[in-house]
Amino acid sequence: MDYNAVHHQICISGVELCSPRNDGFTTWEIKKDLYRLKFLLDEILADSPTYSGEHQFLEEHAKKKMWKTLNEV
Numbered sequence: 239m240d241y242n243a244v245h246h247q248i249c250i251s252g253v254e255l256c257s258p259r260n261d262g263f264t265t266w267e268i269k270k271d272l273y274r275l276k277f278l279l280d281e282i283l284a285d286s287p288t289y290s291g292e293h294q295f296l297e298e299h300a301k302k303k304m305w306k307t308l309n310e311v
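Numbering of the sequence shown is given in the numbering used here, commencing with residue 239 and proceeding in unit increments.
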């Protein structure tokens, strides 16, 4: 899997989703695509094994997300 290409495409979708130049019909289709990806990823991750260091990885992500939220206020 090419993480950078997938990441880039999802970020571009997020920009288009929030663009005031797009109408609701367009942005709703983008949002549905993002939801479909989320549902697929949730299913795959739910069926996958747990690995050593996974809990720490998820905790670190949660901390980064929390700090980002706190810095936005």
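Just so you know, even glycine gets a beta-carbon here, dropped at the ideal spot from N, CA and C.
Residue span of the alpha helix (DSSP H) that contains S257, given as start and end:
No alpha helix (DSSP H) holds S257; DSSP gives it neither H nor E.
Go ahead and pull the three-state DSSP assignment for D285.
coil
contact_flag[the region 239-259, the region 283-295] where n(CB pairs < 8 angstroms) is 3 or more:
no
Proximity below 7 angstroms, CB of I268 to CB of S290
no
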